[in-house]
Structure formats: structure tokens, C-alpha cells
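Q:
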Amino acid sequence: MTSKTLDQISKDLAAGTYSSREITQDTIADIKTRDPIYNSFISLSEDLALAQATAADVRIKAGTADILTGVPFAHKDLFCTQGHVTTAASKMLANFVPPYESTVGQRLLTAGAVCVGKTNMDEFAMGSSNENSFFGAVKNPWDLTAVPGGSSGGSAAAVAAGLVPAATGTDTGGSIRQPASFCNLTGIKPTYGRVSRFGIIAYASSLDQAGPMCQSAQDAAMMLNVMAGFDDQDSTSVNQETPDYTADLNLPLTGLKVGLPKEFFGAGLNPQVAQCIMAAVKEIEALGAQIIDISLPNLELSIPAYYVIAPSEASSNLSRFDGVRYGYRCDQPTDLMDFYCRTRAQGFGTEVKRRIMVGTYALSEGYYDAYYVKAQRIRRMIKDDFARALSQVDVIMGPVAPSPAFDLGSNTKDPVAMYLEDIYTLSANMAGIPAMSTPAGFVNGRPVGLHIMGNYFAEAKLLNIAHQYQQVTDWHLQKPPSTGLAASNQEKGA
Amino acid sequence: MTWEIVIGLEIHVQLATKTKLFSGAKIGFGAAPNTQTTLVDLGMPGALPVFNEAALRMAVTFGTAIDAQVCKHSVFARKNYFYPDSPKGYQTSQMDHPIVGLGHLDIQLEDGTTKRIGVTRAHLEEDAGKSLHEDYDGMTGIDLNRSSTPLLEIVSEPDMRSAKEAVAYMRKMHAIVTTIGISDGNMAQGSMRCDANVSLRPKGQEKLGTRTELKNINSFKFIERAINIEVERQIDILEDGGKIVQETRLYDADKNETRPMRSKEEANDYRYFPCPDLLPIEIDDAYIEAIRQSLPELPDQRSARFVSTLGLSEYGAAVLSSSRHLADYFEAVVDVCDDAKLSANWVMGEVAKYMNQNNIEIEQCPVSAARLGQLICRIKDDTINGKGAKTVFEGLWNQTGEVDEIIASSGLKQVNDVFAIDLMVDEVIANNPKQVAQYLEAQEDKRGKMLGFFMGQVMKASKGSANPGQVNGLLAKKLNALC
Amino acid sequence: MAIENADIEKIAVLARLQVDPNEINDYTNSISSILSLIDQMQQVDTNGIEPLSNPHDATQRLREDIVTCDNQRDAFIAIAPATQDGLYLVPKVLD
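Protein chains in written order, with numbering that gives the first Met the number 0: chain Y, 0 to 493; chain E, 0 to 482; chain Z, 0 to 94.
1. What does Ile2(Z) reach in chain E if we use C-beta pairs closer than 7 Å?
2. Could you pull out every unbroken beta strand (DSSP E) segment of at least 3 residues lying fully inside the segment 326–374 of chain E, listed in chain order?
3. Thr359(Y) touches chain Z at which residues, Cβ-Cβ below 7 Å?
4. Any beta-carbon of chain Y closer than 7 Å to the one on Ile37(Z)?
5. For chain Z, find out if any of its Cβ atoms is closer than 7 Å to the Cβ of Ile378(E); answer yes or no.
6. Let me make sure I understand the geometry here. Which of Asn53(Z), Ala1(Z), Glu22(Z), Asp19(Z) has the alpha-carbon closest to that of Glu312(Y)?
7. If we define contact as Cβ-Cβ less than 7 Å, is Pro263(Y) a contact residue for chain E?
8. Short check: CB of Ser314(Y) to CB of Pro275(E), under 7 Å?
9. Taking 7 Å as the threshold (beta carbon to beta carbon), is Arg145(E) in contact with chain Z?
10. According to DSSP, simplified to helix, strand and coil, what is Ile175(Y)?
11. Could you pull the DSSP bridge partners for Pro398(Y) from this structure?
12. By the three-class DSSP mapping on this structure, what secondary structure does Ile276(Y) have?
13. Verify whether the separation of the beta carbon atoms of Thr139(E) and Lys91(Z) is less than 7 Å.
14. Assuming the contact rule is C-beta atoms closer than 8 Å, Gly42(E) and Arg324(Y) should be a hit. Round their C-beta distance to whole Å, please.
15. Which complete alpha helix (DSSP H) runs does the segment 3–40 of chain Z hold, if anything under 4 residues is left out?
16. In chain Y, what lies closer than 8 Å to Ile33(Z) by C-beta?
17. By Cβ distance, which residues of its chain are closer than 6 Å to Asn384(E), with the 5 residues on each side in sequence left out?
18. Nearest CA to the CA of Ser293(E): which residue from Lys19(E), Pro48(E), Gly62(E)?
19. Might you give, ordered along the chain, the residues of its own chain that have their beta carbon closer than 8 Å to the beta carbon of Glu125(E), omitting 5 neighbours on each side?
20. In whole angstroms, what is the alpha-carbon distance linking Ala5(Z) and Gln300(E)?
21. Check the Cβ-Cβ distances between Glu49(Z) and every residue of chain E, and say whether any is below 7 Å.
22. What does a CB cutoff of less than 7 Å around Thr112(E) pick up in its chain, not counting 5 residues either side in sequence?
23. On the premise that Val118(E) lies in contact with Ser155(E), defined as a C-beta separation below 8 Å, what is that separation, rounded to the nearest angstrom?
24. Ignore the nearest five residues each way along the sequence and tell me which others in Phe221(E)'s own chain have a CB closer than 8 Å to its CB.
25. The beta strand (DSSP E) spanning Asn196(E) covers which residue range?
26. Are the beta-carbon atoms of Phe392(E) and Glu362(E) separated by less than 7 Å?
27. Taking all protein chains shown into account, decide if His72(E) is buried (16 or more other Cβ within 10 angstroms of its Cβ) or exposed.
28. Counting only Cβ pairs nearer than 7 Å, list the residues of chain Y close to Ala74(Z).
29. Could you list the residues in the segment 310–337 of chain Y with a C-beta less than 9 Å from some C-beta on chain E, going in chain order?
30. What are the start and end residues of the beta strand (DSSP E) that includes Gln7(Y)?
31. Report back the beta-carbon spacing between Gly326(Y) and Leu92(Y) to the nearest angstrom; my notes put them in contact at under 8 Å.
32. In chain order, what residues of the same chain lie with their CB nearer than 8 Å to the CB of Ser487(Y), ignoring the 5 residues before and after it?
33. Taking C-alpha atoms, which residue in Pro97(Y), Gln239(Y), Ala145(Y) lies nearest to Ser402(Y)?
34. So if DSSP puts Gly210(Y) in a beta bridge, which residue, or which two residues, is it bridged to?
35. Can you check whether the CB of Lys171(E) is closer than 7 Å to the CB of Leu104(E)?
36. Please confirm if the segment 224–236 of chain E is in contact with the segment 22–33 of chain E, defined as three or more CB-CB distances below 8 Å between the two stretches.
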């Protein structure tokens, strides 16, 4: 089962090759057996999943199935799941069972998809390596000494390891694309407002956006079809019709204008990664695209601006975790102040506390203008850069990360070094444009992703490009050696 | 030293929406704890706010009613602080861009003059929950039913110079918000409450003195008392050469004193920033104008109409238009009896007296406007006299029956029978020869007053039911005939 | 910008985070280096540029004033750490 795509499973279920209950049981059994290697799951929702699978089988038999009916998937543990523990990988929420479902989760349930469990992540989505989890670090299936990326590292590892065909992720500064890149997956961060944030535990509200992490552009389009859409419970949700993202997958790329920003190919970029990216760009050129040099002059400023805006919003968003209505609560408080301070100090991990403090500082009296307002002005400069660039070209391409997956433990002592890893991904969140990663090769056995960014609501265009690229390459078909599926890898990728 | 009192008020008005500012949870007073909450009001992880259209409309209505600048662009900001009744760890409010800007409101002073009080701004914000201090195993209980209930915070300029002016301002504000229907104005239930900023400065000095903020005052009576007691406290300190500490104080009605609030002792930094879960509110001129056009008659306009078309005095008109419910009541009485002056006298007289004695507002008045109107009709058609009417009113207040039933059962029906009255008058003249003699000896201009004695005797004899006009006429005629 | 342990202590109180004496140097050092990274912004001339809070410069949508949810107290109270009579319990609050 494990190497099957969402598309294949959907067809198999429709054909009656196996039932949803069967594949769900197999999937859960497989996770129980193999996940101890990766630690990609925080919890399994076996009972709920089997009930959903049984209901899906009824729909399939009755001929009322949708394309994802009966297909297993996993949620990043940031999506609230009704009746099933939702932790945000934090001690603070280790026992939190939401009495409600996220809008995205509800849409997937309505479509009949079967949620088998919740994946590991950086605590409250703060991190680029999945090492900031109360439930332990996740290992990259491509190299067990490497990080899977973050913050959606568990989702990436689970899909890469073939434990589930697809998983949800969230991307505030690259948290879908960078782990997708590190784990050889197709992951897309949609336009801000395209996917509802309701019921997804907030990190930085003006930047957060959920999206799918899959084995192919085709699968990502199928997932996004269900996940995307207007939600009147989210004020920042955009009320605009959702196209069928699978409809344009097969359009030719003739005449496509691809911009290569010189800032994406500067000194910090690993030369071998650069080679992979340029090779991918050549392939796309061969498919009929025109390659144009462009500039995004304020790219570097996305790091300082992001590390003001995201922690500021986070410091406020995470104030609700106070041990009163849900979640962790310290023992034997002496008074209210002690109750708050110890509950929060004990419930949150180091990186979360650090970002809360940075954000608290940036918003405090006397600093607000110099930090928060300044960062918002820079944010507009970055948005304007993209607007200028995207008036000349259809899409922008480059690397997702400066290097392939780094070694576990290599950046944990130095938060600033870790932040610099986000240089290529932050700007898309700042501008709110859609962006994705698609497999584009390997460096020393570790995957490299091609970053494709487009204009607002151009998800279909991005998926079309990735799909066309995947028709002429097989990077996305490569399987990690640790899964035992690598034997089927072809010469080219091994 | 002569001190000048400087007062500014921040009034919190609970808007009369059906649901909360940011969620579809029902709003209602007195529900069981935490039964009117959604995941949004509880600050559950992943919950998001969506703004209530009715709250926007009400805020704009208020802005047009006080002739204020209504801002086409306004922004919700987060005010960050930790408190158990603030479930998100921040209050969603408005800071740099409130929905309503500069406006004003006129108050009537006791000397009959009018004073204009500046309104700095009014902004939308969500209310907090309630902390219940009864002992729960040494803990405090938190009820979040009120959490995210919409409030309009109306901030005045420091334009008031006495507690009485502050009360007049609060009353006027109450009249306006109830007239335009944006709040039930129920102060006992906290629908309208205020914080008062109080400071003193030597008379003639421009610079404001250090102020204290009195929190959460929830009745007109307490505003006056709290300010006066705080002014006394500040004068004592200043005259002893001391300094006022800028702080938040609580008015304790039981002890009639103000004391510093312990929870506010620690300096705070609210770290306001625009709420990223909510977007800027943009409205256009057409929206504002449509609301302005649909404004009901405002208290000042109503008062002017009471003078110009109903012939009331300025004073009476001002009193009767001071509350929407009172004015509605008064007009309903006039509708029934068609006598504005008599209606005004009754509403400001007996009705006000009974309400005062029973400490209730006009909304709870047990005598409906229709019944009071009928009662006045019975005075006008000479069925009863004024004195009898007061007795009937007492019956109506105690709900012993309808107007005509009470008149019939209590024998208050006025005696209009000329022969009967004639007999009684003769009897009184015959039984009081001493007084008759005095009357006859008196100068003509003194006689009017002396007639009162005979009036009283006849009314007594008739058990108050004789038509006083007829009695008066007959007495004068008969006594003067003796001269 | 360099900050000192005293700044961290102040921020920690605002953020309601207890910081143990043995952690404070680490926080001061790492947050100082983050603030120096952030301070790159100060070189940029942003005069005349409007702050951007929402990528679409979108405006607020309005919700109709109708009741859309029932009383779910039991479900919410069930996941709370300490309750009594339907109330959430916290250490004594002073007014």
C-alpha cells in the first residue's frame, strides 16, 4: 500500500480492489510497525478512522463517493480534531481534546477522507527542523541523521516514508515547502485566505496558511480541491470561487514566463542545490517556457521583518494558553501571578518561549513603531517587489532552502542560524502569494526541492507547472532507502 | 484655596445586539454560568472572530446622533493583558482608529443654562467575563457569558466641573442611547456603566492636576456620590500639602469611600497592535447617511417639540425628555387624555414621587400610561377632583382595579349635584358663625384666603367628593351675599 | 540591540513566563542575537510606505446578527482543568 498515490488509492477504492476499512487498518498497522523509526506521528485515531472508513465504504458501495472518499491521510497536529487529542506538539496541549473540528478537517471529513492520526511538528509550528517538539524530533526518511524540515516535519516524514499517501501541513514562513523539499514531496502553500484558518491553532495569523503535502502535483491538486474554499467563520478567508485544481494540470507550458530572481542564487546557496535548480529550470525551459532574470531587491529583509511580525502575533495568539479553560495547569499555585507564570513556563518549550518574549518586546511601549510598524512597512515593500516581478513574469522559481536537509542537532544551539534557513520561503508568506515545492533532485542522497511562486490565486498554474515537470522527470517517484522501497528507485535518482 | 473640579467620563454602553461582537452566541442577562459561550468567546485554540453587523450599525447610529465624525476607516486592535475573565489574553478593542471621532452633547444645568460637553471618541470593544468571588475552595469562579459582548466605550473631554454635571451628562447619554435603541440602558444589569477621571486644580490654573480613575460606577446616584467623595479625598490631601497619586480606584457604595484597586497596582503595557484576525472596517458616505436619515427624534429635538407644540415649560420638557421611556410614557398619557400640561404635572408629580419612593424606573411603573390617561380624563370630565384622583392613583399603583372601578368602589365620585352642594354650603355657614363673622369683617383682598377654611369644611363634609369648583363658587356667592 | 537580564525579566513578567535563574543568560544571549538580526531593518528607509497588515489589503466582512450556536457548556467544561457549578476555577482574583 505504502507507495501508492492518493490518485491510485482513489481509483482502487472505486474499483473495489480493497475497501477503505482494509487500507485504513493496513495503514494504521504499518504506522505502528514502522513509525518508531521516524517518530512522525504524535497520535493515531484508530477508532475514529475505522468508523470513518466504514462510513466511506458505505458511500462507495452506494455510488455517492467523492474522489477522496475512503482515502487515508494524516493531519498535522495543529488542526483541531473533534474528539481526538490535538497537541500542537506542546506539553501545554498534551491532553487537549477539542470539542470541534477545523474547517479544513470538516471539509475532508465531508469528502469522506479518513484521518488516521496526527503528525509531529515543531511546537506551535515554530521551527524549521522539527526538533522543537515536546514529543521528540522527527527523522528524515531519506537519511535518519538529517532533519525532515519544519514545522510540518512529521507530515513530510510520514508521507515520504510511505506511511500515509498525503498529509495536511501549515506554512507560516515555509513550514510546508521546506519539509516538502527536504523529504522529496510536493507541497503547496496556497494564497493567504484561500484555505480557512478556522480550527487551526494560530501561530502568526496574518501569515499562516494550510495546504497539502503529497507525493505528486496531481495528488496535491486533489487534496487542495477539498481543503480550499471560502469560510464565513474566518474573517481573512477570501470569498472567491475555488477552481478545480486538477483541471489545468495537463496544459502545456508553452509561452510560460519564468522569472529567476538573482537574490535567490546568491552567496548563501549551496552550489549543488543551485545545480539541481538550474537543471530543473532547463527542463521547464525545454517544455516551452521562457526564462527571464528578475530581481526581488528586498528579499533579505524578509528575515528581520518576519522575525518581528511572526513572534509579535504569536506572543498575543499564545496568551490564551493560561491553564484556565483547557490544557496544562501547574501544580499548587501560590497566587494568580504564580499560576500564570509557572503554567506557561512549564507548558511551553524553549523556542516558543523565546519567540513569545521577542514578540512581547517588539510590541512593548517605546519599541512598537521601531519594530512592528517598521516590519509592516517592509512587508509592503516585499509585496510590491513581487507585484513588480509578477507583472513581467507568470511565475518565479528558485530553491526552497539554501541547502538540503541539515543534520539533526546541527542548528539547535543557534536560533539565528536556524532562522537564516528560511531566507527563500518567508517572502511568499509576507506577500501572501501561493508557493510550492516540487522534487528536483538530490545532493548526497538528500532531496532538493524546486520552489515555484505565483500571483495571488494562481495555485492551478503552479500545480500545472509542477505536474508537467513531473511528467518529464521522476524525482518525485524516488523512495527513501530507509523504507525498503528504494530498490525500485531508478538509476537516475539513487 | 478654591479648587476647580475637572471630570471626564468613559461610559461603557452594552449594545443591544442579539449575539456577541465576534460570535453567534446569544446574549441574555442572568443565564446560567458559561451557557452563552462559543469557542470564540472562550478563546479556544483555532477559534476566529467575525464582526457583528448590528454592532457596527449601532456604533454609527450613535456617532450620527451626537453629530460626531464617523470614521470611514476603523481598525480593531488587541489590548494584551492577562486576567482570568479575559479568555484570549487580550481584549479586542479599537485604539488608533476608533469608529467614532470628535462629537459633542449638550447638558442642561440646574440654573437652566445649557453646557456643551465634548466627546473625544467612541470605540467598539468586547466585554470581559465575570469573576465570582464567592469562595470555591479558596478559588475564584469565572463565568464567561459576558465575554465578547459588544460595548461602545464613549470617552468625554474633561469638560465637566461638578458631580452634578457628570450626572447630567450620563443621563443625557442614557437618553440618547435608549432613544436611538442601541442599548437597553439598564444600569442595574450593567448595560451602562462608567469610569470617572477626577482631578482638581487651583481655580484659574490651566494645567490639569493629577487624576484618579474611578472604575465601574453603575448608577446615577453612585456617580454623584463617588465623585463627591473622591473630590473630598483629593481636597484633604492637597490642602495638607500632599500629592495625588495617579491610580485606579474603586468606589465602595456600602462604605461610601473610594480605595485603590489592587489588581491595577502593577504597571501595565498593553502592547496594542492591529488584530490580524480581523480586517479594517471600511464604510462609505452612503452607509453613514442612510443611518443618519433613519435616526429617530433625539432627546433635544423631542424636548423642543414638547415646548413648541405641547406648550410645556423648558424645564418640564427637559425633565420629560431626559429618558426615552419617560418621554414615551408621557406622550402615551397625552395621547389618551389630550392634555399635555396636566399629563406633565402628573408624570413629574405623583408618578415621579411614587417611583422615587419605590426606587424604580418608569419601565417598571405599575400604572400604565393608558390608565393614567384615563384618570386624567376623569379629572377633566369632573368625575373626580384632583384630591380624589390621587387616591385613585394610589389604587392604580397597588393594582386594585381599573380607574372607573376604583372611583366607584371608593365613593370618590365627585358630587356635582348643585342642590346637594348648596345644602352642605349652607350647613357649613350655619355651623361656623365665628368664622363667618371674621370673614365679613375682613378686607376684601384677604377674603380669598379665608375662603379656604370654608372650602375645607365643605370638602370634609362631602368626604372629598364635592366638585371643588362648584363649592368655591357657591361659598363666595353666599358669603358675599351676607355682607 | 543588546538587552540585559533585567530586560528579559521585565518581558517575562509581561508575557507571564517564569524564567529560572539558570536559564536567564541563555535567553538574554539568544534574544540579543535575534534582536541584532532584526535590527537590520533599521537601515532601511521606509518613509512614505504604508504598513501592511493583511496581504490583500482586504476589509472586514460583516456577520448577520443571528444566533448560530447552542449552549455547549458541558462539552467545554469537560475539558477544563478545574471547574465547579459550571464555572472555571482560578486562584483568588483580587479586584
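Ideal placement from N, C-alpha and C gives every residue a C-beta, glycine not left out.
Being a predicted model, the structure only gives us computed values, none of them experimental.
A: Once the coordinates are examined:
1. Correct list: empty, because the minimum Cβ distance to chain E is about 15 Å.
2. none
3. Ile10, Leu13, Ala14
4. yes
5. no
6. Asn53(Z)
7. Correcting the residue identity first, residue 263(Y) is Phe in this sequence and not Pro. Phe263(Y) does not count as touching chain E.
8. no
9. no
10. coil
11. Leu449(Y)
12. helix
13. yes
14. 7 Å
15. 4–13, 20–37
16. Tyr306, Arg353, Val357, Pro414, Val415, Tyr418
17. Gln413, Pro467
18. Gly62(E)
19. Lys19, Leu20, Phe21, Gln90, Thr91, Ser92, Ser146, Ser147, Thr148, Pro149, Leu150
20. 60 Å
21. no
22. none
23. 6 Å
24. Tyr250, Ala252
25. 191–201
26. no
27. exposed
28. Pro98
29. Ser311, Glu312, Ser314, Ser315, Asn316, Leu317, Ser318, Arg319, Phe320, Asp321, Val323, Arg324, Tyr325, Gly326, Leu335, Met336
30. Per DSSP, Gln7(Y) belongs to no beta strand (DSSP E); it is in the alpha helix (DSSP H), 5–14.
31. 5 Å
32. Interpretation of Ser487(Y) is limited by its pLDDT of 47, a score under 50 that renders its predicted location unreliable; no figure is taken from the coordinates.
33. Ala145(Y)
34. Gly168(Y)
35. yes
36. no
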